[in-house]
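Quick notes on the structure that follows.
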Amino acid sequence: MGTTSRWWKRDEDGRVACGLCFRGCRITDGAAGACGVRLNHGGTLLSPWLGRFCARAVDPIEKKPLAHWRPGSLIYSLGSLGCTMDCPFCQNWRIARPAKSVYGAYASVPFLPPEALAREVRGLGLDALALTYNEPTLQAEYLLEAAPLLREAGIATVLVTNGAMSEEAARDLLPWISAANVDLKAFTPEGYRRLGGDLEAVKRTVALWVRGGVHVELTHLAVPGLNDDMAAFAAMVGWIASLSRDIPLHITRCFPARRHDAPPTSRALLRRMEDAALAELAHVHLGNV
Numbered sequence: 001m002g003t004t005s006r007w008w009k010r011d012e013d014g015r016v017a018c019g020l021c022f023r024g025c026r027i028t029d030g031a032a033g034a035c036g037v038r039l040n041h042g043g044t045l046l047s048p049w050l051g052r053f054c055a056r057a058v059d060p061i062e063k064k065p066l067a068h069w070r071p072g073s074l075i076y077s078l079g080s081l082g083c084t085m086d087c088p089f090c091q092n093w094r095i096a097r098p099a100k101s102v103y104g105a106y107a108s109v110p111f112l113p114p115e116a117l118a119r120e121v122r123g124l125g126l127d128a129l130a131l132t133y134n135e136p137t138l139q140a141e142y143l144l145e146a147a148p149l150l151r152e153a154g155i156a157t158v159l160v161t162n163g164a165m166s167e168e169a170a171r172d173l174l175p176w177i178s179a180a181n182v183d184l185k186a187f188t189p190e191g192y193r194r195l196g197g198d199l200e201a202v203k204r205t206v207a208l209w210v211r212g213g214v215h216v217e218l219t220h221l222a223v224p225g226l227n228d229d230m231a232a233f234a235a236m237v238g239w240i241a242s243l244s245r246d247i248p249l250h251i252t253r254c255f256p257a258r259r260h261d262a263p264p265t266s267r268a269l270l271r272r273m274e275d276a277a278l279a280e281l282a283h284v285h286l287g288n289v
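Residue numbering for the sequence shown follows UniProt numbering, starting at 1 and increasing by one per position.
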């Protein structure tokens with residue numbers, strides 16, 4: 001059944017405590033964590049979707065979005081199943097939060113050996129790989145095995161992530177990541193609670209990776225009623241600038257998707273946010289406009 005997870009411990013009552021993300025799920029035998037892909041099987045935490053990818057594409061690097069890392073290049077993108085958050089407006093919800101019955105279909109998706117992954121990327125004439133579309137940290141154990149082989153082949157590794165991982169996982173991944181786009185979805189604890197996330201975990205990941213030399217760009221999806229308070233937005237921009245005013249910020253427009261049926265974000269709000277961000281940051285980009 002699957003590969004044993006890296007970040008976990010067994011409780012005395014037979015449950016396992018997952019240490020991958022901020023949730024610290026305590027999972028009973030036969031059940032899965034909130035992500036849907038970490039399973040307690042007889043007191044061992046397994047991740048049967050490791051190395052199994054249901055979405056593959058060659059994308060422009062700007063689609064991640066990364067605007068200041070190898071601009072104009074192409075990147076091989078892989079996605080799998082599951083997410084550690086639960087955003088009502090998720091565009092990729094069919095793989096990030098699929099029906100429970102889909103999670104058990106891992107056996108029908110071929111395992112991609114790490115050494116074959118490096119050959120696949122190079123065979124396409126590319127020199128960068130992105131784990132994206134769903135939450136990439138759910139493939140963290142696979143990435144830690146594949147990353148040395150990718151680096152040896154001259155292939156850079158990119159993550160497009162919600163950033164809501166444990167400090168231990170963020171530190172373990174740091175040496176192997178060349179670039180990352182991290183979603184900074186709100187800047188209040190309540191805003192993150194509404195999305196099933198944790199603001200402090202995301203801030204910790206961003207700060208750790210920036211200080212560790214990873215090229216980090218941030219995406220802020222502007223959602224009226226969730227994160228359109230300009231005082232909170234100004235606080236977010238100030239915090240980003242305290243790390244580095246050169247961190248690129250992508251402010252993107254939200255459209256109806258999944259459980260979110262509000263009209264698209266107004267361009268006027270995007271412009272107000274852009275003006276506020278440019279007062280403190282060197283690189284601000286509007287997206288989905």
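Each residue gets a CB set at the ideal place from its N, CA and C atoms; glycine is no exception. In this text the structure is predicted, and so the values were computed from the model without any measurement.
In this structure, the beta-carbon distance from Leu-78 to Leu-131 falls below 8 Å. In the three-state scheme derived from DSSP, where H, G and I count as helix and E and B as strand, Val-37 is classed as coil. Annotation for Glu-145: the continuous alpha helix (DSSP H) segment containing it runs 140-152.
In the DSSP assignment, Asp-275 falls within the unbroken alpha helix (DSSP H) covering 267-278.
By the CB criterion at 8 Å, Thr-161 and Val-182 fall inside the cutoff. According to the DSSP assignment, Ala-234 belongs to the alpha helix (DSSP H) that extends over 230-243. For His-68, DSSP records no beta bridge to any residue. Beta-bridge partners assigned by DSSP to Thr-161: Val-182. Note: Tyr-76 is bridge-paired with Val-58 and Leu-129 in the DSSP secondary-structure output. Shown here, Trp-49 sits in coil according to DSSP, grouped into three states, outside any helix or strand. Distance from the Cα of Ala-55 is smallest, within the candidate group Phe-233, Pro-110, Ala-180 and Cys-87, for Pro-110.
Per DSSP, the beta-bridge partners of Leu-249 are Leu-218 and Val-284.
Ranking Arg-245, Leu-50, Thr-44 and Arg-6 by CA distance to the CA of Arg-15 puts Thr-44 first. Look at Ala-17 here: in three-state DSSP terms it is strand. Taken through DSSP and simplified to helix, strand or coil, Arg-259 comes out as coil.
Under the three-state reduction of DSSP output, Ile-27 falls in the strand class. At the C-beta level, Leu-226 and Arg-253 stay beyond 8 Å of one another. Here Asp-246 has Ala-282 as same chain residues with Cβ atoms under 6 Å from its own Cβ, once five neighbours each way along the sequence are excluded.
The C-alpha of His-41 is placed about 8 Å away from the C-alpha of Ala-31. Taken atom to atom, the span from the alpha-carbon of Phe-255 to that of Thr-265 is near 7 Å.
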